[in-house]
Amino acid sequence: MSQRFVIRDTPLAGLRVLLRQPLGDQRGYLERMYCADELEALVEGRFVVQINHTYTLAKGTVRGMHYQLPPHAETKFVSCLRGEIFDVAVDLRAGSPTFLQWHAELLSAENHKTLVIPEGFAHGFQTLSEDCEMLYFHTKAYEPTAERGLSATDPHMQIQWPLPVGGLSPRDLAHSPLDATFTGIML
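Residue numbers (the numbering used here): 4 to 190.
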């Protein structure tokens, strides 16, 4: 069986980038978005249990920074199907040597990248074009009581968004900056 993914590490342990390997000809291409057999090492015995599709209309919109607390913490596979996004993950794992550090990837239909965000990370993105569509694969179902969020402009994280931050939802605007009592997520 041919490999349909190249897996690359990032500077944050456990956060990875998948380079999807489309098979194409003059008609177009077939692209595998997920394969349990090939990606078992990334999900470590978990299963994809929920798939979400989002559409964002305006360029510069920021969604995030979201995460779920254990036992509902999730691994996410995030791909952009239309447009281009600046996709960000922040390490919130208690005791991690990269605690509160962030890593971003440009995701688009053209570059065939997926960001694999493990449990213990917050996630958000900014649209770099209009009409962005994204596909998320989750290893846990959404649980409203476990959902948390961080301010996308929190000075503790110092995320360098490429465009002015705009389009925040009322929910995302309500996220407070971190304070000294936040020591991370125990997984």
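Yeah, the Cβ is synthetic: ideal placement off N, Cα and C, and Gly gets one too.
Which same chain residues, not among the five before or five after residue i, have their C-beta less than 6 Å away from its C-beta?
i	result
residue 138	56, 82 and 84
residue 49	142
residue 170	61 and 64
residue 45	119
residue 130	59, 62, 64 and 88
residue 113	none
residue 239	What the structure shows of the chain is the stretch from 4 to 190, and residue 239 is not part of that stretch, so it cannot be assessed.
residue 193	Because the chain is modelled from 4 through 190, residue 193 falls outside the range shown and cannot be assessed.
Excluding the five sequence neighbours on either side, which residues of its own chain have a C-beta within less than 7 Å of the C-beta of residue i, listed in chain order?
i	result
residue 134	60, 85 and 86
residue 4	At residue 4 the pLDDT is 47, less than 50, meaning the model places this residue with poor confidence and gives no usable figure here.
residue 147	none
residue 107	89, 90 and 91
residue 190	73, 76, 96, 122 and 123
residue 25	32, 33, 34 and 115
residue 186	97
residue 37	51, 80 and 140
residue 162	91, 105 and 155
residue 245	The shown model of the chain, from 4 to 190, leaves out residue 245, and the question about it has no answer.
Where do the N-terminal and C-terminal ends of the alpha helix (DSSP H) with residue i fall, by residue?
i	result
residue 46	43-46
residue 174	173-176
Grab me the residues of residue i's own chain with a C-beta within less than 8 Å of its C-beta, minus the 5 sequence neighbours each way, in chain order.
i	result
residue 111	83, 86, 87 and 88
residue 172	66
residue 71	77, 143, 145, 146, 149, 150 and 151
residue 168	63, 65, 129, 155 and 156
residue 14	101, 104 and 106
Mind checking whether residue i and residue j have CB atoms under 8 Å apart?
i	j	result
residue 144	residue 52	yes
residue 41	residue 23	no
residue 8	residue 18	no
residue 159	residue 103	yes
residue 101	residue 16	yes
residue 128	residue 54	no
Looking at the secondary structure, which residues open and close the beta strand (DSSP E) in which residue i lies?
i	result
residue 188	Counting along the chain, residue 188 falls outside any beta strand (DSSP E), and DSSP gives it neither H nor E.
residue 111	105-111
residue 8	8-12
residue 181	Here residue 181 belongs to no beta strand (DSSP E), and DSSP marks it neither H nor E.
residue 23	19-23
residue 117	116-120
Say yes only if the C-beta of residue i is nearer than 7 Å to one or more non-hydrogen atoms of the ligand PLP, and no if none qualify.
i	result
residue 35	Looking for the ligand PLP in the displayed structure turns up nothing, as the structure carries no ligands at all.
Taking its Cβ as the centre, do 16 or more other Cβ atoms sit within 10 Å of residue i, making it buried, or is it exposed?
i	result
residue 66	buried
residue 188	buried
residue 179	exposed
residue 182	exposed
residue 12	exposed
residue 153	buried
residue 177	exposed
Would you verify that the beta carbon of residue i is, or is not, closer than 8 Å to some beta carbon of chain C?
i	result
residue 105	Among the protein chains of the structure shown there is no chain C, as only one such chain exists.
For this session: Please go through the region 28-90 and give each complete alpha helix (DSSP H) segment of 4 or more residues, from N-terminal end onward.
Result: DSSP runs (the alpha helix (DSSP H)) wholly in the region 28-90: 43-46.
Self-check item: Runs of beta strand (DSSP E) wholly within the region 123-171 (minimum 3 residues, chain order)
Solution: Listed in chain order, they are 124-130, 135-141 and 150-152.
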